[in-house]
Structures are given as structure tokens and as C-alpha cells.
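Protein chains in written order, with our numbering: chain A, -4 to 170; chain B, 18 to 126. Below: the structure, in C-alpha cells.
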Amino acid sequence: MQILFYLFAAVSILSALFVVAAKNPVNSVIALIVCFLSIAGHYILLNAQFLAVVHIIVYTGAIMVLFLFVIMLLNLNKSTEPQKSMATRIAAVIAGGLFLLTLLGAIKDGIGIANPDVYDGSVGLVKSVGTSLFTEYLLPFEVSSVLFLSAMIGAVMLGKKDKGQPDGGEISGAA
Amino acid sequence: MNDIVTAIRTVPLEHYVMLSFVLFSIGMAGAMFRRNTIIVLMCLELMFNSVNLLLTAFSAHHGDPGGQVFVFFIMLVAAAEVTVGLAIVVMMKRNVDSVDINQLNRMRG
């Protein structure tokens, strides 16, 4: 159990670093998929079965495929990306490291929340999450469908080509 | 069910908090580190996921399904955000023929 946690933690941290460091965007996407799968493993260790399945379906199945399609559509799978200047990159690493130090320093004396010892083995199952979703959180659930509708309309609006727009770039032929 | 409860308790909550802090910092540093807009969007996804992991860990340790419902909502918002973000990236490639995030400086922010 603990060994599995540390294994998944190491895999997720290493693949997250690879996402940032990889030169080729396709390699970044593959590393991010590995990271998401290991996070799904964490969900299973926490007995959040519903979330683990939804996470794999939504993130690995839908979002990452969308990323991959866009990278292939835009023909970005060559590492011709201009790099940021070395000063900016060093500043980014230092800022991230300082942020991490601040966060870790905040919890060095424990997280400050007494553990309530109300463990419930059925809390992550579909029944418990579904009951909570459709009683307490019914209104946000319905409102989120409006959010999806607006996101869909926004994506179509942004994605369609304007009429008077000249054909610029190599993707306009494929679009 | 008692086996599951004891199994969840073997990993202390602090370790989940630390893991999610590390993932969030990597995502934040990556968003500043890279110029490719698609990679920046992926780093945003990484930060979303670290927060999701934290919410799930607290929810499982406190026996409250509300945290997991919030994770579900965060996933919905992330899906909508990625749809619009990738549409913006496609439009950007069409208009300025690049996905370099430094090209998005027309507003002089």
C-alpha cells in the first residue's frame, strides 16, 4: 500500500518534470498521459473509484486526445520552438522552487487540521458521490451544462474561418 | 469495509499534501518556463490535477463525499477550458502562424 503510493508519486513527479522538459510536444503529451494515469492510481489507493474512472475517461481519453489532435493538425511535432532566454528560464525555476519551499514551510508543523477520525469506507463509491451530487449539488450540476453549451459555442465561433480572411498559414488548407 | 479504511490510513495525509504541492510547483514553473502555448495549457492541466488530488485526499480522509463532487466539477470546468483554449490556439496559429506565447502581446499587458 505505502510502496504503491511512493511508486505512483515518483512516476507522477518524474513524468510531470518530463512534460516541462521535453523538446517535442508529442513527447510532452505522452508524459502527461503517464502522469494522469498515475494520478488515477492515487485515486484508486484513496478508494475514490468513481473519480478514478471518470479521470481516465475525461482526461486521458478526451482531453489528451484533443491535445494530440491539435498538435498534429497544427503540424507542431517538430522541435522548432523558440526557447525563452536563459535568464527567464532560470527565473522560472527559481520562482517555482521558492513557491514549493513556501508551501512546504507552511505545513512543516503538520497541516494544522486535526484528523477527525470519521473514516468511511463507502465514501468514494458511485452511490455515495452520486447521492451527494444529485441532492446537495443538483443546481451546480445543472448549471454546468450551460457552461458546456457556452464552451461548445465559443469553440465553434473561434474555430470557424472568417469570410474575408486571407488564407494564411499552412493549416488553412486542411481546416 | 474496515480493510479499506485501514488501507487508506497507512499513507499519512501530509504526504498527499506534499505530493500535490510538488506537482503544482512543477506546473507553475512549467507555465513560466515554456513558450509553446500548448505546453502552457498542459501545465495548467497539471496544476488542476494536483488540486484534484489534494481535494480527493482530504475527502477520503475526512469521510466526506463533497470534496469528490468538487473534483468532478473541476474536471467539467477543465474540459470546457481546454476546448476553448485549444480553439484559441488554432485561431492564433491561423492568424500569426505561430504558437509562441510571446506573440500575444498586442494588448501591451
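C-beta atoms are modelled at their ideal positions from N, C-alpha and C, and glycine is treated no differently. From a predicted model like this one, the values you see are computed outputs, not experimental measurements.
Put simply, the backbone Cα of B/L63 is about 22 Å away from that of A/L69. Taken in chain order, the complete alpha helix (DSSP H) segments of 4 residues or longer contained in the segment 25 to 85 of chain B are 30 to 50 and 54 to 79. Below the 7 Å Cβ cutoff, chain A contributes L46 as neighbours of B/V88, in chain order.
For B/D20, the secondary structure class from DSSP, reduced to helix, strand or coil, is helix. Between the beta-carbon of A/F136 and that of A/L128 there is about 6 Å, and that keeps the pair under the 8 Å contact cut. Following the DSSP letters along the chain, one finds A/S80 in no alpha helix (DSSP H), marked with neither H nor E. Counted as a single uninterrupted DSSP element, the alpha helix (DSSP H) harbouring A/E137 occupies residues L133 to G154. Nearest to A/L98 by alpha-carbon distance, out of B/P29, B/D20 and B/S37, is B/S37.
The beta carbon of B/Q85 falls within 8 Å of a beta carbon belonging to chain A, placing the residue at that interface. Between B/N119 and B/T54, the alpha-carbon positions lie close to 9 Å from each other. Residue nearest to A/H37 within the set A/A87, A/N22, A/L133 and A/I8 is A/I8 (criterion: CA-CA distance). Between the alpha carbons of A/A11 and A/A26 lies a distance of about 7 Å. Taking a Cβ-Cβ threshold of 8 Å, the residues of chain B close to A/M(-4) are A24, T27 and V28, in chain order. Comparing alpha carbon positions, the residue from A/V151, A/V6, A/L41 and A/S117 closest to A/S33 is A/V6.
Less than 8 Å separates the beta-carbon of B/N69 from that of B/I91.
Think of a sphere of 8 Å around the beta carbon of A/I106: the chain B residues whose beta carbon falls inside it are L30, E31 and V34, in chain order.
Using a Cβ distance threshold of 8 Å, A/A82 and B/M49 do not count as a contacting pair. With its beta carbon less than 8 Å from one in chain B, A/A4 belongs to the interface.
Relative to A/V121, the option among A/A17, A/F13, A/I39 and A/I28 whose CA is nearest is A/I39.
Beyond the five residues adjoining it in sequence on each side, A/V65 comes within less than 6 Å, by CB distance, of no other residue in the same chain. Across the structure, A/I106 and B/E31 are spaced so that their CA atoms are roughly 7 Å apart. Ranking A/I58, A/A43, A/L144 and A/L61 by CA distance to the CA of B/P82 puts A/A43 first.
Counting only runs of 4+ residues, the alpha helix (DSSP H) found wholly inside the segment 25 to 54 of chain A occupies 44 to 50, in chain order. Rounded to whole angstroms, the separation of the alpha carbons of A/M152 and B/M108 is 10 Å.
Per DSSP, the beta bridge partners of B/D117 are B/N53. B/R51 has its alpha-carbon roughly 9 Å from the corresponding atom of A/A16.
Across the set B/L61, B/G102, B/N112 and B/T73, the C-alpha of B/T73 shows the shortest separation from the C-alpha of A/V118.
Under the 8 Å criterion on CB atoms, B/L61 is classed as non-interfacial with respect to chain A. Annotated three-state conformation of B/N112 is helix, per DSSP. Judged by beta-carbon spacing, A/V88 lies beyond the 8 Å limit of B/A95, meaning their Cβ atoms are not closer than that value.
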